[in-house]
Amino acid sequence: MHQNTPLYGLVLAGGESRRMGSAKAALEYHGLPESDRMVDLLRRSCTSVYVGCREDQLSSLPEHHLPISDLPRFAGNGPIGSLLSAWTVFPDVDWFVVGCDYPFFGVPAVEYLLQADASEGWSGFHNNETQEPEPLLGIYRQSLRETLFQYFEKGGRSLRKFLHSLEQDPLLPEDPRWIRSIDTREDYLLTLQTLRS
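The opening position of the sequence shown corresponds to residue 164 in my numbering, with each subsequent residue numbered one higher.
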């Protein structure tokens, strides 16, 4: 990140969690809801941390969360809508974006990303198995802001496809579990067993 650009955190909690059957942000792996854990995790390195959500979730968010709800022009478009809403509210910051479905993502992963090459527009992980970037874990630098807005205005709705277009060198996680997304009830129960064993 540029020395003078503040780093804000954005915890993505607006997903509908259809496959899981319940809100991933409320699931507990480490003794507290994942949204709380991720907020606490980002507070270590970010000036401010916000929770990205849908407008209909505002009344159910815990009072201690600072929300940024999807703005009307971006609503219904998933993570890209949440990030663009955040960048509309706070245009002059870098955003450290994390999803709520990565229970193995912790302090070592955060530190790894913070030490990545700050000249790149995005510091995030590539999945070695899928050869795809993981758009819901990474730092989106302010230098990307206008490019991302233009991508959206031209009809782009996928953060993953947007990141592909940047053609950056892959950054692989030291531990592949850092980027393992837990999306089903079965995976949730298996992950709980793993974490408690």
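Idealized CB from N, CA, C, for every residue including glycine.
{"Item": "Identify whether Phe-330 lies in helix, strand or coil by the three-state DSSP scheme.", "Value": "Checking the displayed sequence, the identity of residue 330 turns out to be Glu instead of Phe. In this structure, Glu-330 counts as coil in the three-state DSSP scheme."}
{"Item": "Which residues bound the alpha helix (DSSP H) around Ile-243?", "Value": "242 to 252"}
{"Item": "Drop a sphere of 10 angstroms on the beta-carbon of Gly-239, count the other beta-carbons inside from all chains shown, and report buried for 16 or more, exposed for fewer.", "Value": "exposed"}
{"Item": "Given 8 Å as the limit, is there contact between the region 199 to 218 and the region 169 to 177, that is, 3 or more CB pairs closer than that?", "Value": "yes"}
{"Item": "Quick one: Cα of Leu-277 to Cα of Leu-329, how far?", "Value": "19 Å"}
{"Item": "Restricting to Cα atoms, I'd like to know which of Gly-262, Ala-249, Leu-352 is closest to Phe-157.", "Value": "Absent from the structure is residue 157, since the part of the chain shown begins at 164 and ends at 360."}
{"Item": "Count the other C-beta atoms from every protein chain shown that fall within 10 angstroms of the C-beta of Lys-317, then say buried if there are 16 or more, exposed otherwise.", "Value": "exposed"}
{"Item": "To which residues of the same chain is Ser-232 closer than 6 Å at the C-beta, ignoring the five residues directly before and after it?", "Value": "Cys-216, Glu-218, Leu-221"}
{"Item": "With a Cβ-Cβ cutoff of 9 Å, do Arg-304 and Asp-255 count as a contact?", "Value": "no"}
{"Item": "Check the DSSP bridge columns for Ser-232 and list the partner residues they point to.", "Value": "Cys-216"}
{"Item": "Drop a sphere of 10 angstroms on the beta-carbon of Glu-197, count the other beta-carbons inside from all chains shown, and report buried for 16 or more, exposed for fewer.", "Value": "buried"}
{"Item": "Should the region 185 to 195 be called in touch with the region 275 to 289, which here means at least 3 C-beta pairs below 8 Å?", "Value": "no"}
{"Item": "Going by CA-CA distance only, name the one from Leu-352, Asp-332, Arg-207, Thr-168 that's closest to Gly-269.", "Value": "Arg-207"}
{"Item": "Count the other CB atoms, across all protein chains shown, that sit within 10 Å of the CB of Asp-199; report buried if there are 16 or more and exposed otherwise.", "Value": "buried"}
{"Item": "Indicate the three-state DSSP secondary structure (helix, strand or coil) for Ile-342 in the structure shown.", "Value": "helix"}
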